[in-house]
Amino acid sequence: AVRGFADLCLATRPSDHFYSNCNKFVAFGLQIYKLFSNLQNLIHFSANNSYFCVMKSQLTDTERHPLEPFLPENAKILMLGSFPPQRKRWSMEFFYPNAQNDMWRIMGTIFYGDKHYFEIVSERRFDRDAIVDFCTSKGIALYDTAVEVRRLKDNASDKFLEIVTPTDIDSLLNNIPDCQAIITTGQRATEVICELSECAAPAIGSFSEIKIGNHSLRFWRMPSSSRAYPLALEKKADFYRTMLQHEGLL
Numbered sequence: 422a423v424r425g426f427a428d429l430c431l432a433t434r435p436s437d438h439f440y441s442n443c444n445k446f447v448a449f450g451l452q453i454y455k456l457f458s459n460l461q462n463l464i465h466f467s468a469n470n471s472y473f474c475v476m477k478s479q480l481t482d483t484e485r486h487p488l489e490p491f492l493p494e495n496a497k498i499l500m501l502g503s504f505p506p507q508r509k510r511w512s513m514e515f516f517y518p519n520a521q522n523d524m525w526r527i528m529g530t531i532f533y534g535d536k537h538y539f540e541i542v543s544e545r546r547f548d549r550d551a552i553v554d555f556c557t558s559k560g561i562a563l564y565d566t567a568v569e570v571r572r573l574k575d576n577a578s579d580k581f582l583e584i585v586t587p588t589d590i591d592s593l594l595n596n597i598p599d600c601q602a603i604i605t606t607g608q609r610a611t612e613v614i615c616e617l618s619e620c621a622a623p624a625i626g627s628f629s630e631i632k633i634g635n636h637s638l639r640f641w642r643m644p645s646s647s648r649a650y651p652l653a654l655e656k657k658a659d660f661y662r663t664m665l666q667h668e669g670l671l
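Using the working numbering, you'd call the opening residue of the sequence shown number 422 and step up by one each time.
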């Protein structure tokens, strides 16, 4: 557009004063053009998600997983999320720590008929000791599909989570030889297991037979326990209940 305007000015043979102004306009336009050309190296625009994301490799740091895998010796299932939220959102030092995440309310509903069973409601936090004892007794192992990530936005959404170092799932399974199923609790975790096992994603609430290393497993895809996932807690509990019954935990 700037160059076209300059051509028009030349074609109409304007006065020296007008021509001088055109030169200034063209020079200014070219400076703007160079500025935006340079910004292309720093900013990436995603039309699908309609947001600007500063190039992560230059302006954001990576984050290591803050928890060790929870792998009880008697584990029958391995539940995998994507990555914990920022610590400022935690209500306990364990998996699914965000008070706005309903995983432990789902488990309370299924096993005890009380969604608040694992909560200390007066303190607005989960009861870590009760949850650890519960998972140990039932044979539920817990971890996530990434050990190192880069957050592209200041929130807990999987959409803005880049996996830098994926978890070595095969090594986890080597430590829980009685494990017979992997359960993913979110879209990003599901994608990681699909890529690792070279399978299509099961429908929500169903499973596929997969192999990871020397381990033959059922791969269950569960609805996310995040409240951002648009499904009532009771409906989510129904999906988890079916899976737990199938795996012999209920």
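We treat Cβ as the ideally placed atom computed from N, Cα and C, and that holds for glycine.
Remember, predicted model here, so these are calculated numbers, not experimental data.
Residue range of the unbroken beta strand (DSSP E) whose run includes residue i
i, result
"His636", "636-642"
"Ile498", "498-502"
Burial state of residue i (16 or more Cβ within 10 Å)
i, result
"His636", "buried"
"Val570", "buried"
"Pro506", "buried"
"Pro598", "exposed"
"Pro644", "buried"
"Asn495", "exposed"
"Ser543", "exposed"
"Leu488", "exposed"
"Glu540", "buried"
"Glu514", "exposed"
"Pro623", "buried"
Element boundaries [alpha helix (DSSP H), containing residue i]
i, result
"Gly529", "524-533"
"Glu612", "608-618"
"Ala658", "654-667"
"Ala551", "549-559"
"Ile590", "590-595"
Counterpart residues of residue i in DSSP-defined beta bridges
i, result
"Glu715", "Past the boundaries of the shown model lies residue 715; the chain is included only from 422 to 671, so the question cannot be answered."
"Ile604", "Met500, Trp641"
"Tyr564", "Leu501"
Pair within 9 Å by beta-carbon distance, residue i and residue j
i, j, result
"Asp565", "Gly634", "no"
"Ala602", "Phe628", "yes"
"Asn596", "Leu492", "yes"
"Phe516", "Met528", "no"
Neighbour flag for residue i against chain B, beta carbons, 9 Å
i, result
"Ala610", "Reference to chain B is not applicable here, since this structure consists of a single protein chain."
Alpha-carbon to alpha-carbon, residue j and residue i
i, j, result
"Phe504", "Ala653", "23 Å"
"Thr586", "Glu630", "25 Å"
"Arg549", "Lys559", "15 Å"
"Leu582", "Asp575", "10 Å"
"Asp535", "Phe660", "17 Å"
"Cys615", "Glu655", "27 Å"
"Pro490", "Ala649", "25 Å"
beta-carbon residue i near the ligand COA non-hydrogen atom, thresh 8 Å
i, result
"Val553", "The model on display carries no ligand, and the ligand COA is accordingly not part of it."
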